[in-house]
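Chemist:
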Amino acid sequence: MIYLQVLWKSDNFLVFGHIPASVIVIANNKFTGCIPTSIGKMGNTLEEVLFTNNGFSGCLPEEITLLNGTNVIDLSSNNLIGEGLEYLQQVETLEIANNMLRGYVPETVCGLRFIQS
Numbered sequence: 311m312i313y314l315q316v317l318w319k320s321d322n323f324l325v326f327g328h329i330p331a332s333v334i335v336i337a338n339n340k341f342t343g344c345i346p347t348s349i350g351k352m353g354n355t356l357e358e359v360l361f362t363n364n365g366f367s368g369c370l371p372e373e374i375t376l377l378n379g380t381n382v383i384d385l386s387s388n389n390l391i392g393e394g395l396e397y398l399q400q401v402e403t404l405e406i407a408n409n410m411l412r413g414y415v416p417e418t419v420c421g422l423r424f425i426q427s
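This is the structure we're talking about:
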């Protein structure tokens, strides 16, 4: 059986659905609302999550902490608030610029073993 490996759907007007992939790129769309909590169910398969430049708002779902095997997380240029990134352990690239996050970057994020940018 062949499974979807990469879904690249940038610059569209799409809504969320179930996508069994290792890379999700939904950059430059008009997604709004909260990042779905179901993102945590993909924690064992997702290697890259790129949700940049949309209209996601609200707090990061607690389930984002289940993305321990994810190497790249780009949530930049949304309207996200809150925290929750301190439990990510394998991230190499973490982009969270241009949101409405407040407070300090957790020390655990600064000390990630694999972080490159």
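The opening residue of the sequence shown carries number 311 in our numbering; numbering runs sequentially from there.
C-beta: ideal position from N, C-alpha, C; glycine also.
Just so it is clear, the structure is predicted and the values come from calculations on it, not from any experiment.
1) Report the rounded CA-to-CA distance for glutamate 393 versus leucine 377, giving the unit in angstroms.
2) Return the residue from the list Arg412, Val359, Ile425, Gly365 that minimises the CA-CA distance to isoleucine 374.
3) Please report how far the alpha carbon of isoleucine 425 lies from the alpha carbon of proline 416, in whole angstroms.
4) Less than 7 Å between the beta carbons of serine 387 and threonine 362, yes or no?
5) Can you look up leucine 404 in the DSSP assignment and give me helix, strand or coil?
6) Assuming valine 401 and threonine 380 make a contact with CB atoms under 8 Å, what is their CB distance in whole Å?
7) Around the Cβ of asparagine 364, are there at least 16 other Cβ atoms within 10 angstroms (buried) or fewer (exposed)?
8) Which residue or residues does DSSP assign as beta-bridge partners of cysteine 420?
9) Closest by CA to phenylalanine 341, which one among Leu390, Thr355, Glu357?
10) Distance, Cα to Cα, valine 382 vs asparagine 409?
11) In chain order, what residues of the same chain lie with their CB nearer than 8 Å to the CB of proline 371, ignoring the 5 residues before and after it?
Modeler: Taking the structure as given:
1) Residue 393 sits at position 83 when you count from the first residue of the sequence shown. Residue 377 sits at position 67 when you count from the first residue of the sequence shown. For glutamate 393 and leucine 377, the distance between alpha carbons rounds to 15 Å.
2) Against the sequence shown, residue 374 aligns to sequence position 64. Of Arg412, Val359, Ile425, Gly365, the residue nearest in Cα terms is Val359.
3) Sequence index remark: in the sequence shown, residue 425 carries index 115 (1-based). Sequence index remark: in the sequence shown, residue 416 carries index 106 (1-based). Cα-Cα distance, rounded: 14 Å.
4) Taking the sequence shown and counting its residues from 1, the one referred to as residue 387 is at position 77. Taking the sequence shown and counting its residues from 1, the one referred to as residue 362 is at position 52. Yes, Cβ-Cβ distance for serine 387 and threonine 362 is below 7 Å.
5) Numbered from 1 along the sequence shown, position 94 holds the residue referred to as residue 404. In the structure shown, leucine 404 sits in a strand (DSSP, three-state: E or B).
6) Indexing the sequence shown from 1 puts residue 401 at position 91. Indexing the sequence shown from 1 puts residue 380 at position 70. Right, the Cβ-Cβ distance comes to about 7 Å (below 8 Å), so this counts as a contact.
7) Walking along the sequence shown from the start, residue 364 turns up at place 54. Result: buried.
8) On the sequence shown, position 110 is the one that residue 420 refers to. Beta-bridge pairing links cysteine 420 to no other residue.
9) Here residue 341 corresponds to residue number 31 of the sequence shown, with the count starting at 1. Residue Leu390 is the option with its Cα nearest to phenylalanine 341.
10) As a first step, residue 382 is located in the sequence shown; it is residue number 72 there, counting from the start. As a first step, residue 409 is located in the sequence shown; it is residue number 99 there, counting from the start. For valine 382 and asparagine 409, the distance between alpha carbons rounds to 17 Å.
11) The sequence position of residue 371 within the sequence shown is 61, counting from 1. Counting only Cβ-Cβ distances below 8 Å, and skipping sequence neighbours, we find Cys344, Ile345, Pro346, Thr347, Ile349, Gly350, Gly394.
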